[in-house]
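Quick note: the sequence shown uses our numbering, first residue 2, plus one each step.
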Amino acid sequence: MKLAVISDIHGNLEALKKVLADIDSIGIETVVCLGDNIGYGPEPDQVIKLLRSRNIPSLMGNHELGLVDKDSLHGFNPQARRSLLQTEQFLSQESLAYLKTLPVNMFVDDCLLVHGFPPDSVSTYLFQFSRTKLPKIFKKMEYDLCMVGHTHELLLISYTNGRVSTAPLSEGVQTLAAESKYIVNVGSVGQPRDGNDNAKYVIWESETRTLEVRFVPYDIRKTAEKIIALGLQKAHADRLW
Ligand SMILES: [Fe+2]
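1. Just confirm the distance between the C-beta atoms of residue 97 and residue 106, as a whole number of angstroms; I'd bet it's less than 8 Å.
2. Given residue 184, which residues of its chain have a CB within under 6 Å of its CB, disregarding the five upstream and five downstream residues?
3. When you measure from the CB of residue 75 to every non-hydrogen atom of ligand 1, does any distance come out below 7 Å?
4. Since residue 169 sits in a beta bridge, which residues does DSSP pair it with?
5. Could you please give me the residues that DSSP links to residue 1 through a beta bridge?
6. From what residue to what residue does the alpha helix (DSSP H) around residue 21 run?
7. Would you kindly check if the distance between the Cβ of residue 127 and the Cβ of residue 149 is under 8 Å?
8. So what's residue 180 in DSSP terms, helix, strand or just coil?
9. Quick one: Cα of residue 206 to Cα of residue 32, how far?
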């Protein structure tokens with residue numbers, strides 16, 4: 002089975018539509034979203050509605066949690082907090098109720114999916130763990146693959162014979178070793194922070210153990226113009242390039 006994993010759409014409907022078209026063009030039916038569908042971008046409600054209309058399950062991201070549990074807003078920087086509170090005004094009651102139902106993690110095909118860090122953290126970043134701490138985490142993992150979002154960057158962390166190594170993930174296909182365990186940081190659909198402005202997502206095929214990273218161009222200008230027109234922070238538009 003081929004599984005498409007998308008994450009961190011952040012209200013960027015233009016990017017999401019192009020990514021879903023790319024997924025459809027390959028003929029993949031199973032798609033899961035790791036959360037942060039809202040915040041920063043101009044069309045959070047439309048993003049939620051599109052995901053739901055296509056029956057794409059989503060996890061809780063820290064931006065969803067920020068609205069579900071306002072105490073968690075303490076962990077946000079001032080810009081992100083302001084953006085999220087503006088975002089709340091654009092969400093329908095139905096979408097706000099939906100946010101409360103999102104799970105913090107799920108398994109698909111023996112792969113653990115979580116927004117921040119395994120097994121169930123919505124807000125912990127992968128980079129908070131040094132290479133000396135990661136072996137303990139991997140040792141505890143009873144599954145050999147975990148996918149996370151949250152950092153908006155692509156990264157592959159592997160654990161082989163007690164040793165951890167990290168490698169940047171670039172566009173293309175690679176095979177993951179059967180004897181290793183992995184944490185894959187899948188990048189961001191709607192606000193990449195890896196120096197390349199295309200939308201990013203990954204495809205995992207468990208039978209062949211292949212991981213494909215896809216870069217998808219979209220109309221960045223259109224999203225930026227919507228951000229400005231709504232009076233959202235210009236920095237969120239500038240950051241898309
Ligand atoms: Fe995010």
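Glycine is no exception: its CB is placed at the ideal position from the N, C-alpha and C atoms. The structure presented is a predicted model; accordingly, all values stated were derived computationally and were not measured.
On the basis of the coordinates in this document:
1. At roughly 22 Å, the Cβ-Cβ gap does not stay under 8 Å, so residue 97 and residue 106 are not in contact.
2. Within the same chain, residue 184 has close Cβ partners 147, 158.
3. The answer is no for residue 75.
4. For residue 169, which the question treats as bridged, DSSP gives the partners 156.
5. Outside the shown range of the chain, which is 2 to 242, sits residue 1, and nothing can be said about it.
6. First-last of the alpha helix (DSSP H) with residue 21: 14-27.
7. Taking a C-beta distance under 8 Å as the contact criterion, residue 149 and residue 127 qualify as a contact pair.
8. Residue state, collapsed to three classes: coil.
9. So the alpha carbons of these two residues sit roughly 12 Å apart.
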